[in-house]
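Peer 1:
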Amino acid sequence: MKEHNPHLKAAFLETVENQLADNDPPETTETLNRLVKQGISEEDAKLYIAQAVCVEVFDVMTHQKEFNEKRYLKNLKRLPKEPKQ
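Plus 208 on top of the position in the sequence shown (first one is 1) and you've got the numbering used here.
Structure follows, in structure tokens:
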């Protein structure tokens with residue numbers, strides 16, 4: 209299994225924390241609450257959300273595309289299933 213870059217992980221988690229603090233988009237908070245109600249720890253729920261953020265950032269960086277909010281919100285609804293690209 210590959211080692212994860214702790215700096216990238218921290219950056220994605222910071223993005224999640226900012227979305228939660230700003231309630232923007234509100235679906236991030238809704239997703240966190242839903243996952244916690246399903247018995248997932250808050251820490252793990254934030255990691256799941258960070259995976260959805262990662263999919264979008266990867267697409268922006270590698271394909272010079274705009275952030276796909278529609279796909280991001282769809283991936284949030286799919287969690288804890290793995291986000292789709």
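The beta carbon of each residue, even a glycine, is placed where N, CA and C say it ideally should be. If you're wondering where the values come from, they're calculated on a predicted model, not measured in any experiment.
Taking contact to mean 3 or more Cβ pairs, one atom from each stretch, closer than 8 angstroms, check whether the stretch 247–263 and the stretch 215–233 are in contact.
Peer 2: The stretch 247–263 vs the stretch 215–233: in contact.
Peer 1: Count the other CB atoms, across all protein chains shown, that sit within 10 Å of the CB of Ala260; report buried if there are 16 or more and exposed otherwise.
Peer 2: One-based indexing of the sequence shown puts residue 260 at position 52. Buried, because 16 or more other Cβ atoms sit within 10 Å of the Cβ of Ala260.
Peer 1: Quick one: residues in its chain with C-beta nearer than 7 angstroms to the C-beta of Cys262, no 5 flanking neighbours on either side, listed in chain order?
Peer 2: The sequence position of residue 262 within the sequence shown is 54, counting from 1. Hits under 7 angstroms: Phe220.
Peer 1: Apart from the five residues on each side of it in sequence, which residues of its chain come closer than 8 angstroms, Cβ to Cβ, to Glu250?
Peer 2: Counted from its first residue, the sequence shown places residue 250 at position 42. Only Leu240, Val244 meet the Cβ criterion.
Peer 1: Tell me whether Phe302 sits in a helix, a strand or coil according to DSSP, three-state version.
Peer 2: Nothing about residue 302 can be read from this structure; the chain reaches only from 209 to 293.
Peer 1: Spatial neighbours of Asp267 within its chain, please: C-beta separation below 7 angstroms, excluding the five flanking residues on both sides.
Peer 2: Reading the sequence shown from its first residue, position 59 is the one you call residue 267. Excluding residues within five positions, the ones whose Cβ falls inside 7 angstroms are Lys273, Asn276, Gln293.
Peer 1: What residue range is occupied by the uninterrupted alpha helix (DSSP H) comprising Leu243?
Peer 2: For the purposes of this step, residue 243 is taken as residue 35 along the sequence shown, with counting starting at 1. Run containing Leu243: 234–245, per the alpha helix (DSSP H) assignment.
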